[in-house]
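> One structure coming up, written as structure tokens, with questions to follow.
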């Protein structure tokens with residue numbers, strides 16, 4: 045039996061809102077040691093989502109037997125919208141479940157809402173992602189990255205990211221003209237989440253689809269900062285840290301074959 | 092123009 049109780053429903057609500065536009069169906073893997081993990085790839089096989097919610101993400105967590113819960117994320121999102129962000133949220137499943145029970149509790153108002161979501165058999169192939177060497181790692185405020193990704197998409201369907209040891213430059217070249225935004229590395233000791241940190245082994249110049257970057261920044265409400273790891277001619281990794289877990293996106297770049 | 096690559100080119104499948 046699985047029983048995972050979140051102190052607030054907001055984490056799960058934000059996670060599902062962050063991924064449901066990229067992948068429609070996905071398997072939730074549940075185990076006592078790892079908590080809940082997800083690996084899902086979008087239909088175009090360009091963007092991969094890796095979610096980890098350790099048992100420490102939960103107020104209470106037990107999972108007697110490893111479970112795979114196949115979910116339609118649009119349906120899950122409909123149910124998660126029924127609860128308030130500050131409600132307790134509990135996910136419950138039997139050992140051979142055909143449905144997932146989702147319970148919201150508002151202890152102050154003595155309100156309990158229960159929903160049952162039908163599960164599906166989802167055939168998904170799993171990709172092996174090794175801990176990658178990277179040419180550079182950038183940590184910046186998640187909102188600042190979201191603004192660049194959203195603004196630049198209006199100019200071009202591609203966004204070029206150029207990193208040197210003291211700045212990150214985003215460049216868009218479109219039919220109406222061009223644009224660039226430079227963010228300089230800075231350490232803000234009063235407010236560390238406002239810092240822009242660049243850890244550079246080698247300068248990087250990579251191009252990504254603006255559409256996919258705009259899917260990734262849907263995770264912005266989950267974390268104050270995002271860490272981006274880039275390597276020449278290889279997929280980039282975008283990480284939003286959660287308390288006791290993470291939501292990572294792996295995005296294949298654009299380049300000449 | 093550059094071409095969109097796919098992840099399967101970089102990551103092993105199972």
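Protein chains in written order, with the working numbering: chain A, 45 to 301; chain B, 92 to 105. Ideal Cβ placement from N, Cα and C applies to all residues, glycine included. Being a predicted model, the structure only gives us computed values, none of them experimental.
(1) For the alpha helix (DSSP H) holding residue 57/A, just list the boundary residues, first then last.
(2) For residue 124/A, go through chain B and note every residue whose CB falls closer than 8 Å to its CB, in chain order.
(3) With a floor of 3 residues, list each beta strand (DSSP E) that falls wholly inside the stretch 184-265 of chain A, ordered by position along the chain.
(4) DSSP state of residue 97/B, grouped into three classes?
(5) Checking the sheet assignment: what are the DSSP bridge partners for residue 290/A?
(6) When the distance is taken between beta carbons, is residue 71/A closer than 8 Å to residue 120/A?
(7) Would you say residue 85/A lies against chain B (beta-carbon separation less than 8 Å)?
(8) Can you tell me whether residue 152/A is helix, strand or coil according to DSSP?
(9) Whose C-beta lies closer than 6 Å to the C-beta of residue 260/A among residues of the same chain, with five residues either side of it excluded?
(10) Exposed or buried, residue 182/A, counting other C-beta atoms within 10 Å across all chains shown (16 or more means buried)?
(11) Over what stretch of residues does the alpha helix (DSSP H) that includes residue 75/A continue unbroken?
(12) Strictly under 8 Å for the Cβ-Cβ distance: is residue 185/A near chain B by that measure?
(13) Kindly indicate which residue of 179/A, 107/A, 93/A has the alpha-carbon position closest to the one of residue 246/A.
(14) Can you grab the Cα-Cα spacing for the pair residue 165/A / residue 141/A, in whole Å?
(15) Taking Cβ positions, are residue 237/A and residue 268/A nearer each other than 8 Å?
(16) Using DSSP with H/G/I as helix, E/B as strand and the rest coil, what is residue 173/A?
(17) Between residue 293/A and chain B, is the shortest Cβ-Cβ distance under 8 Å, so that the two count as touching?
Put simply:
(1) Counting along the chain, the alpha helix (DSSP H) containing residue 57/A begins and ends at 54-63.
(2) Close partners of residue 124/A in chain B (Cβ separation under 8 Å) are lacking, with about 27 Å as the shortest Cβ gap.
(3) Taking 3 residues as the shortest admissible run, the stretch 184-265 of chain A contains the following complete beta strand (DSSP E) segments, listed from N- to C-terminal end: 202-207, 211-217, 222-228, 241-244, 248-253.
(4) DSSP places residue 97/B in coil when its eight states are reduced to three.
(5) Under DSSP, residue 290/A takes part in a beta bridge, and its partners are 96/A, 285/A.
(6) No, these two residues do not count as a Cβ contact at 8 Å.
(7) Cβ-Cβ to chain B under 8 Å: yes for residue 85/A.
(8) DSSP places residue 152/A in coil when its eight states are reduced to three.
(9) Excluding sequence positions up to five before and after residue 260/A, its CB lies within less than 6 Å of the CB of 282, 293, all in the same chain and listed in chain order.
(10) So residue 182/A counts as buried.
(11) Per DSSP, residue 75/A lies in no alpha helix (DSSP H); the unbroken beta strand (DSSP E) holding it starts and ends at 69-75.
(12) Residue 185/A does not count as touching chain B.
(13) Of the candidates 179/A, 107/A, 93/A, 179/A places its Cα closest to the Cα of residue 246/A.
(14) Residue 165/A and residue 141/A: Cα-Cα distance of roughly 11 Å.
(15) A Cβ-Cβ contact shorter than 8 Å links residue 237/A with residue 268/A.
(16) Residue 173/A falls in the coil class under three-state DSSP.
(17) When Cβ-Cβ separations below 8 Å define contact, residue 293/A makes no contact with chain B.
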